[in-house]
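Participant: If you read the sequence shown in our numbering, its first letter stands for residue 1184, the second for the next number, and so on.
Heads up, the beta-carbon is just placed ideally off N, CA and C, and yes, glycines get one too.
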Amino acid sequence: MTFKVQVKAGVPASVEAIWPFFEEIERWPEWSPIYEQAQGKLGFGAVLTLTERFEGLGARTYTPRVGDWVPYSQIHLIEPQDGFLGRMLGETVIRYIELEALGPQNSIVAIGEFYSGLRMVRRGRQRAPHLRKGFEAKLAALRTALGLPADADAG
């Protein structure tokens, strides 16, 4: 059983212009309204420490592991599930950022979470409205950080 919550939008900028904002994890709090603190560097298996705040969910600090990353393309952060039962049931939460070039100055940015396992799917459904709002705010902040209007779309 799986569930995904995702926000995807066009951004009138190249993936080369967008990527540094995601690659420099420790700078996420400077431009993203979601992150209050972010520590760590990209690298396979690297552990990050992130403090995030979503309206309606409050703040939480967690330590995801970089499960996958491809420069100028994607970052997948795997949130470890505590306890014997979570590990035995293969429960997983993956936060992801994906970039796709549409042209020299147009890209698609997708931000989301993927939930696997019965208990995690229930958790994802409960969190989805709050996550969508936060991911939308993060995309608007990215546009602003790029010097674009917050609602600029890749046309």
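Taking just the CA atoms, how far does A1311 sit from M1303?
Facilitator: Sequence index remark: in the sequence shown, residue 1303 carries index 120 (1-based). Sequence index remark: in the sequence shown, residue 1311 carries index 128 (1-based). When rounded, the distance between both Cα atoms is 12 Å.
Participant: A1192 to E1206, Cα distance in whole Å?
Facilitator: Translated into positions along the sequence shown, residue 1192 becomes position 9. Translated into positions along the sequence shown, residue 1206 becomes position 23. Those two C-alpha atoms are separated by around 19 Å.
Participant: Please list, in chain order, all residues of the same chain as I1280 whose beta carbon is under 6 Å from its beta carbon, the five residues on each side excluded.
Facilitator: As a working mapping, residue 1280 is identified with position 97 in the sequence shown. Taken in chain order, the residues that qualify are F1205, I1258 and I1294.
Participant: Taking the beta carbon of P1332 as the centre, do at least 16 other beta carbons fall within 10 Å, making it buried, or is it exposed?
Facilitator: As a working mapping, residue 1332 is identified with position 149 in the sequence shown. P1332 is exposed by the Cβ-count criterion.
Participant: In angstroms, rounded to a whole number, what distance separates the CA positions of G1226 and P1247?
Facilitator: For the purposes of this step, residue 1226 is taken as residue 43 along the sequence shown, with counting starting at 1. For the purposes of this step, residue 1247 is taken as residue 64 along the sequence shown, with counting starting at 1. Taking the straight line from one Cα to the other gives about 12 Å.
Participant: Out of Q1189, T1185 and M1184, which has the shortest C-alpha to C-alpha gap to R1315?
Facilitator: Counted from its first residue, the sequence shown places residue 1315 at position 132. Per the Cα distances, Q1189.
Participant: So, with DSSP's three-state summary, where would you put Q1309?
Facilitator: For the purposes of this step, residue 1309 is identified with residue 126 of the sequence shown, where counting begins at 1. Helix at Q1309.
Participant: Using 8 Å as the threshold, is the C-beta distance between T1275 and Q1288 below it?
Facilitator: Within the sequence shown, numbered from 1, the residue matching residue 1275 stands at position 92. Within the sequence shown, numbered from 1, the residue matching residue 1288 stands at position 105. Taking 8 Å as the Cβ cut-off, T1275 and Q1288 do not qualify as a contacting pair.
Participant: Which residues mark the beginning and the end of the alpha helix (DSSP H) in which V1190 is found?
Facilitator: What you label residue 1190 is simply residue 7 of the sequence shown in a count that begins at 1. First-last for V1190: T1185 to V1194, but that is the beta strand (DSSP E), not the alpha helix (DSSP H).
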